[in-house]
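In my numbering, the protein residues as written are 3 to 569.
Using N, Cα and C, we set each Cβ at its ideal position, and we do this for glycine too.
Take a look at the structure set out below.
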Amino acid sequence: MILTGKTISPGLARGITRVIDARGVLDAALSVAPSGPPQAEVERLHAAVGRAGVELDRLQRQLSGRLDAGDVAIFASHAGLLHDPKFLGRIEAEIRVGGQSAEAAVSRVASELRATFLANPVPLVRDKATDILDIGRRLVRCLSASLQPELEMEQGTIVVATSLTPSQLVRYSHHGIAGVVTETCGPKSHTAILARGLGIPLITGIAGACELIPQGTTAIVDAAAARVVFQLTDAERESFQDLFEQQAAALSDAEEAPPELPITQDGSHIRLLLNISDAVEAAGLDMLGADGVGLFRTEFAYMDREGWPTTDEIYASYRQLAEIVGDRELHIRLVDFGAEKCPPYSDIPLSRNPSLGLRGIRLLLQREDILLPQVQAITRLAHERRLTLLLPMLDTVDTLTATIDTLCRTIGCASREQFPFRLGAMIEVPSAALQVAEILPQVDSVSIGLNDLTQYLLAADRDDEFVERYHDPMQPAVLRLLQAVVATASAAGKPLTICGELAGDPKLTGLLLALGVRRLSVARSNYRGVANSIRRLSLRSMEGVGAEITAQPTAAAVRKYVAERFG
Ligand code: PEP
Ligand code: MG
């Protein structure tokens, strides 16, 4: 049987399926404490009901035509129950009168109703017991993604889930999973970035994956064709065997291939670095010819643990990475916790609107218990080698000043000139991009986080598939801001690196160079493609091209121009 979805991370993998059963979710929800007053919890509940309703609606639309009408109708009946005023009224009462969190209230009411339905002699009513449990789980997941059950995975497992958080993917990747199939996953989400970085094939957009794909069966994730195949026929088994052999041959060719130096036709060396989330992604930097690590997303090293790491533990892991990187560039970002990136054991409150909540450097300024060990570990390493400490999600000059004061206090320096490391600011919030001229004198370099900059500039959540088409860095508004920041950094003589997914698309390398970008940091899987693009381009022929690109009125016009100009 073949189900087709959308490719998030390429590759071909074979393994035994593990369908993540969310049974533990309702139990875990019972111990969630309220994160605010009852009114705020009720508002969270209503937001989650809205989200779950949209999910159910989409499932119905995606499944109609694939399943028979009766099966599809299950989701319609779930949607009906979800909006049932009596059901919601009972949950609200638990919150307002019982002082419960929205998660605990949902769990309690769903379990009570289930027991009532099960005790009913009418079979049709008894059947509703399963429905109410499903709705309860869906609602809890929409309230708090971190309540997914933690499972041990076998090596070579194909994970099938409604969705995966970054922390789950990190944990499972350490168990050696082979591939992932989910119902939903935003292509620019951290789960997607991690899957690509870790080389785990991932396909998404398979509605009802957890119901349609059986537990414990052999399955093949063929991400190039965006499909998952299970219950294979003999013919399918044979043709996939050929594909696996071709993949193995291509991998060994790539390993033996000489480095592609990112030098343009007219001899300019474009600095090409790697984005990594784990030291293993830096292995073989030499072989690739990369100029170093342009962005180390440190938060994922906190995920597969039981508690916060000590300064010594953090230092030891950075030291190990530094050995791999050698004398090449190393840019270590302070943890960007908040939004959907939080360690499972953390007590970081889940904001009502996570992308706009307490996150990045703002969170660290309030949580010196998280900041201090990391800064101390980086400082220790900085006494041994040259490195840049990157500040995530910088918003204003005020925050930069407060951060520099805190760093001075932590390290025992009188001013930032005495820092043992170079200081870099991530420019990924529009206010920081607009104030980059005032930020630059206080830092040694800037790195543009285009994933977040696009999200905040266009008001389109990078993790939300429903607004995926609006999260488009080809929009002239994004490119104009980018060009202005690049010009300001260049005039100030400070290095500027583009990180984020756009930098890794070889079709867009010409556009970035035309806008004046000379440093790119990309995922390992994109390195060779981008290096090849650079080698085909000439900076001399780009005179005036940047201005023509940013003068286009729409993203479609930008794409057309770029395709015609750079092929
Ligand atoms: C970005 O926002 O583009 C970025 C590089 O940071 P992250 O993807 O880790 O948020
Ligand atoms: Mg970012």
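From which residue to which residue does the alpha helix (DSSP H) around alanine 558 run?
557-568
Flag aspartate 454 as yes when its Cβ comes closer than 6 Å to any non-hydrogen atom of ligand 2, and as no otherwise.
yes
Is glutamate 430 close to ligand 2? I mean its beta-carbon at under 6 Å from any heavy atom of the ligand.
yes
When you measure from the CB of glycine 269 to every non-hydrogen atom of ligand 2, does any distance come out below 6 Å?
no
For valine 574, which option in Ile195, Gly210 and Val172 has the closest C-alpha, if you only look at C-alpha atoms?
Because residue 574 is not part of the residues shown, which for the chain are 3 to 569, the question remains open.
Please work out which residues of its chain come closer than 6 Å, Cβ to Cβ, to leucine 481, disregarding the five sequence neighbours upstream and downstream, and give them in chain order.
Thr552
Give the list of continuous beta strand (DSSP E) stretches no shorter than 3 residues that lie fully inside the segment 151-226.
159-163, 181-184, 204-206 and 220-224
7 Å Cβ shell around alanine 379 - same chain, five flanking residues per side excluded:
Thr313, Ile316, Tyr317 and Tyr320
Under the assumption that arginine 20 contacts valine 162 (Cβ atoms under 8 Å), give the Cβ distance between them as a whole number of angstroms.
7 Å
Is there contact here, the segment 332-352 with the segment 297-308, by at least three beta-carbon pairs under 8 Å?
yes
Could you check whether the Cβ of cysteine 1 sits closer than 6 Å to any heavy atom belonging to ligand 1?
Since the first residue shown for the chain is 3 and the last is 569, residue 1 is missing from the structure and cannot be characterised.
Is the closest heavy atom of ligand 2 to the C-beta of glycine 451 under 6 Å?
yes
Report the CB separation of glutamate 331 from leucine 275 in whole angstroms; it is logged as a contact under 8 Å.
6 Å
Glycine 55 in three-state terms, based on DSSP
helix
Label glutamate 105 either buried or exposed according to how many other C-beta atoms from any shown protein chain fall within 10 Å of its C-beta, with 16 as the threshold for buried.
buried
Along the alpha helix (DSSP H) that carries leucine 323, what are the first and last residues, could you check?
313-327
Do the CB positions of glycine 7 and alanine 228 come within less than 7 Å of each other?
yes
Mind pulling the alpha helix (DSSP H) runs of 4 or more residues that sit fully within the segment 257-294?
287-290
Which residues mark the beginning and the end of the beta strand (DSSP E) in which alanine 15 is found?
14-21
Is any heavy atom of ligand 1 found at a distance shorter than 6 Å from the C-beta of arginine 1?
This structure does not reach residue 1, given that the chain is present from 3 up to 569, and the question cannot be answered.
Let me make sure I understand the geometry here. Which of Asp465, Glu156, Arg567 and Gly362 has the alpha-carbon closest to that of valine 431?
Gly362
Since alanine 479 and leucine 459 are thought to touch, with beta carbons under 8 Å apart, how far apart are those beta carbons, to the nearest angstrom?
6 Å
Cross-strand partners of methionine 305 (DSSP beta bridge)
Answer by DSSP bridge pairing: none, since methionine 305 is not bridged.
Cα-Cα separation between valine 488 and alanine 112, rounded to whole angstroms
53 Å
Local Cβ density within 10 Å of arginine 46, reported as buried at 16 or more and exposed below that
buried
With respect to 6 Å, is the separation between the Cβ of arginine 299 and the closest non-hydrogen atom of ligand 1 below this value?
yes
What are the boundary residues of the alpha helix (DSSP H) that includes threonine 408?
399-413
I'd like the span of the beta strand (DSSP E) that includes arginine 526, first residue to last.
That residue, arginine 526, is in no beta strand (DSSP E); it is neither H nor E in DSSP.
Supposed contact pair serine 523 and leucine 297 - C-beta distance, whole angstroms, cut 8 Å
5 Å
Do you know offhand how far serine 535's Cα is from glutamine 477's?
22 Å
Could you check if leucine 253 is buried or exposed, using at least 16 other CB atoms within 10 Å of its CB as the buried criterion?
exposed
Starting from alanine 479, trace the alpha helix (DSSP H) both ways and give me its first and last residue.
478-494
Roughly how many angstroms lie between the CA atoms of proline 508 and isoleucine 272, to the nearest whole one?
14 Å
Which same chain residues, not among the five before or five after glycine 199, have their C-beta less than 6 Å away from its C-beta?
Ser279, Glu283 and Ala525
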